[in-house]
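Engineer:
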Amino acid sequence: MQKLSEEQYADRISNLPNSLVTQILSCLPTKYAVATSALSTRWKQLWTSITNMDFDDELLVHPQNQSGNPAVQRSCTSFVCQVFMLHRDSAVHRFRLKLNHIYDVSRVNGWIGEMLMRNVQEIDLSIRKEDSTLLPQDLFTCRTLVVLKLDINCNMNVPTSVSLPNLKILHFVCITFVDDDSINRFLFGCPVLEELNMTACVGEGVKVINVVAPMLTSLNMHNLVSRHYMKPYHFFEGRIVLDTPALLYLTISDSCADGFELGSLPHLIKADITIFAEDHTDPITSEAITNLLKGISNVRFLHLADLSLESIDRCNSQVPKFPYLTDLDLGERPSDTGWKSLPKLLENSPLLESLVFKEIIDSDIKQELQGLQETLDDSNGLKDFFMLQHCIYRICFGYCIFKPPLRKYLLLLPVV
407 MQKLSEEQYA DRISNLPNSL VTQILSCLPT KYAVATSALS TRWKQLWTSI
457 TNMDFDDELL VHPQNQSGNP AVQRSCTSFV CQVFMLHRDS AVHRFRLKLN
507 HIYDVSRVNG WIGEMLMRNV QEIDLSIRKE DSTLLPQDLF TCRTLVVLKL
557 DINCNMNVPT SVSLPNLKIL HFVCITFVDD DSINRFLFGC PVLEELNMTA
607 CVGEGVKVIN VVAPMLTSLN MHNLVSRHYM KPYHFFEGRI VLDTPALLYL
657 TISDSCADGF ELGSLPHLIK ADITIFAEDH TDPITSEAIT NLLKGISNVR
707 FLHLADLSLE SIDRCNSQVP KFPYLTDLDL GERPSDTGWK SLPKLLENSP
757 LLESLVFKEI IDSDIKQELQ GLQETLDDSN GLKDFFMLQH CIYRICFGYC
807 IFKPPLRKYL LLLPVV
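So my numbering is basically just the index in the sequence shown, starting at one, shifted up by 406.
(1) Report the option in Glu667, Arg534, Ser661 and Thr582 whose CA atom is closest to the CA atom of Val618.
(2) Would you list the one or two residues that DSSP bridges to His628?
(3) According to DSSP, what are the bridge partners of Lys750?
(4) Alpha carbon to alpha carbon, what distance is there between Thr732 and Asp544?
(5) Fully enclosed by the stretch 568-608, which beta strand (DSSP E) runs are 3 residues long or longer?
(6) Counting Cβ pairs closer than 8 Å, one from the stretch 648-660 and one from the stretch 580-596, do we hit at least three?
(7) Which complete alpha helix (DSSP H) runs does the stretch 450-537 hold, if anything under 4 residues is left out?
(8) In whole angstroms, what separates the C-alpha of Leu576 from that of Thr483?
(9) Excluding five sequence neighbours on each side, which residues of the same chain lie with their C-beta closer than 6 Å to the C-beta of Glu601?
(10) For a test of the three-state rule: what should DSSP assign to Ala619, helix, strand or coil?
(11) If we count the other Cβ atoms within 10 Å of its Cβ and call it buried at 16 or more, is Gln776 buried or exposed?
(12) On a Cα-Cα basis, can you pick out the residue from Met562, Leu757, Leu466 and Asn421 that is closest to Asp586?
(13) When you compare only the Cα positions, how much space is there between Leu492 and Thr454?
(14) Just verifying my parser: in three-state terms, what is the DSSP assignment at Thr680?
(15) For Thr457 versus Val498, is the C-beta distance shorter than 8 Å?
(16) Roughly how many whole angstroms lie between the Cα atoms of Thr566 and Thr428?
(17) Kindly indicate the opening and closing residues of the alpha helix (DSSP H) around Ile430.
(18) Does the beta-carbon of Ile419 have 16 or more other beta-carbons within 10 angstroms, so that it is buried, or is it exposed?
(19) By how many angstroms is the C-alpha of Phe763 removed from the C-alpha of Gly669?
(20) Quick check on the DSSP output: the alpha helix (DSSP H) that includes Val440 runs from which residue to which?
(21) Have a look at Asn629 and Glu520 and give me their C-alpha separation to the nearest angstrom.
(22) Could you name the residues that DSSP lists as bridge partners for Asn561?
(23) Rounded to whole angstroms, what's the CA-CA distance from Leu593 to Leu698? Just pull it up for me.
(24) Tell me Ile646's beta-bridge partners as DSSP assigns them.
(25) The beta strand (DSSP E) that contains Phe763, what's its start and end?
(26) Can you say whether Gln488 is buried or exposed, counting buried as having 16 or more other CB atoms within 10 angstroms of its CB?
(27) Is the separation between the beta-carbon of Asp557 and that of Leu505 shorter than 8 Å?
(28) Run through the DSSP bridge pairs and tell me what Asp735 is partnered with.
(29) Kindly indicate which three-state DSSP category Leu699 falls into: helix, strand or coil?
(30) Using three-state DSSP, classify Leu653 as helix, strand or coil.
(31) To the nearest angstrom, report how far apart Ile695 and Gly665 are at their CA atoms.
(32) Indicate the three-state DSSP secondary structure (helix, strand or coil) for Gln779 in the structure shown.
(33) Sort Pro620, Lys437 and Ala606 by Cα distance to Leu648 and report the nearest one.
(34) Alpha carbon to alpha carbon, what distance is there between Ser632 and Ile533?
(35) So which of Glu693, Lys535 and Leu758 has the shortest CA-CA distance to Asn704?
(36) Between the beta-carbon of Leu736 and the beta-carbon of Leu710, is there less than 8 Å?
Here it is in structure tokens:
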């Protein structure tokens, strides 16, 4: 066997400048970054200049089945405290803290406060165990914060004044807002917010979610009701009001609520809508769905889940014009009821180019198309429609994609 050259054996990492090595270490969980101090004298102090702090108690606990042991938890606490003490860089770019077990609240808040004093720009907190964690008040007035992600099982105690002048990305998961005013106060204090994700964060006292954010470009609302109040098939029953003129991307996955009030969305590119209507005969529900569709009518790419189509049909909701819609993704296989609202939706989309049914397998294509044809009063309606839709160049059923001459295939369907 030929001997490897000295160049092949060379330790290239050791030849890198300290500044670059520190950047690499900053990308690692802090536990591993600290562990490099044992490599050599040169590496002993390198980790103390990392710009990111990333702590996960499941990663720190070893073996993991000892995670409930108080002594082990004290060891984790001690590790974090020592890192804070030895870390010599005054500025921290990103702080991530994931705790799966119960720790002293004052200690955790002290860690967060320490990061705020170091002009942290990104905070990502995931605290899974239910406790009475109260976030430090300084968190709500941090001028350097750009990204804030909170996944904490506790009520959000929003102070009277919130000022986060540079916050652009905000995620709420499981942290519960107890009333309308608490949500409004928080969002009002984020004047340059660009991305907002809300999941399981709405308490029973919330009747209106009012999002007023002039620079918001991405909004995701998913299963809004907090898990503290969650009942089987329990969805948000209030109103959703959006004043977000710069919005580009919208995702809503919840009930149709008591109503949607959407301001002008002239720049909307993509909408992903999954709505559930418990009472399809309720006129309020029908109006809510109609208002939602009208609010997103400028969209270019639209994903509608099957339940959304079914709700549209059963509520007799008026399908608005979609003058700019080019791509329609129906995601799941439409039910018999869901098919009925599709022709009107297609008819009102004059620029539609792509129609996708993701979960229809090849062997079911003719059967599914026939199912759609049977929903039309005129037996030739399906053929007439596709003959007029010259813009459509692609229809995808599952993994099977049809391009022109698509109409020739559709015209082969038997006329009943």
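Idealized CB from N, CA, C, for every residue including glycine.
Structural biologist: Quick answer:
(1) Glu667
(2) According to DSSP, His628 bridges with Thr605 and Ser659.
(3) Note: Lys750 sits in no beta bridge, so no partner.
(4) 46 Å
(5) Fully enclosed beta strand (DSSP E) runs of no fewer than 3 residues occupy 575-579 and 601-605 of the stretch 568-608, in order along the chain.
(6) no
(7) Taken in chain order, the complete alpha helix (DSSP H) segments of 4 residues or longer contained in the stretch 450-537 are 463-466, 476-492 and 511-523.
(8) Note on geometry: alpha-carbon atoms of Leu576 and Thr483 lie some 27 Å from one another.
(9) Ile575 and Ser624
(10) coil
(11) The predicted position of Gln776 is uncertain, since its pLDDT is 49 and thus under 50; no value can be drawn from it.
(12) Met562
(13) 6 Å
(14) Look at Thr680 here: in three-state DSSP terms it is strand.
(15) yes
(16) 40 Å
(17) Asn424 to Ser432
(18) exposed
(19) Rounded to the nearest angstrom, the two C-alpha atoms are 30 Å apart.
(20) Thr436 to Ala441
(21) 33 Å
(22) Thr582
(23) 22 Å
(24) Ile615 and Phe666
(25) Ser760 to Phe763
(26) With fewer than 16 other Cβ atoms from the protein chains shown falling within 10 Å of its own Cβ, Gln488 counts as exposed.
(27) Taking the C-beta atoms as reference points, Leu505 is found no nearer than 8 Å to Asp557.
(28) His709 and Val762
(29) helix
(30) coil
(31) 8 Å
(32) At Gln779, the pLDDT of 48 sits below 50, so the modelled position is not reliable and the matter cannot be decided from this model.
(33) Pro620
(34) Spanning the two alpha carbons is a distance of roughly 15 Å.
(35) Leu758
(36) A contact, by the Cβ cut-off of 8 Å.
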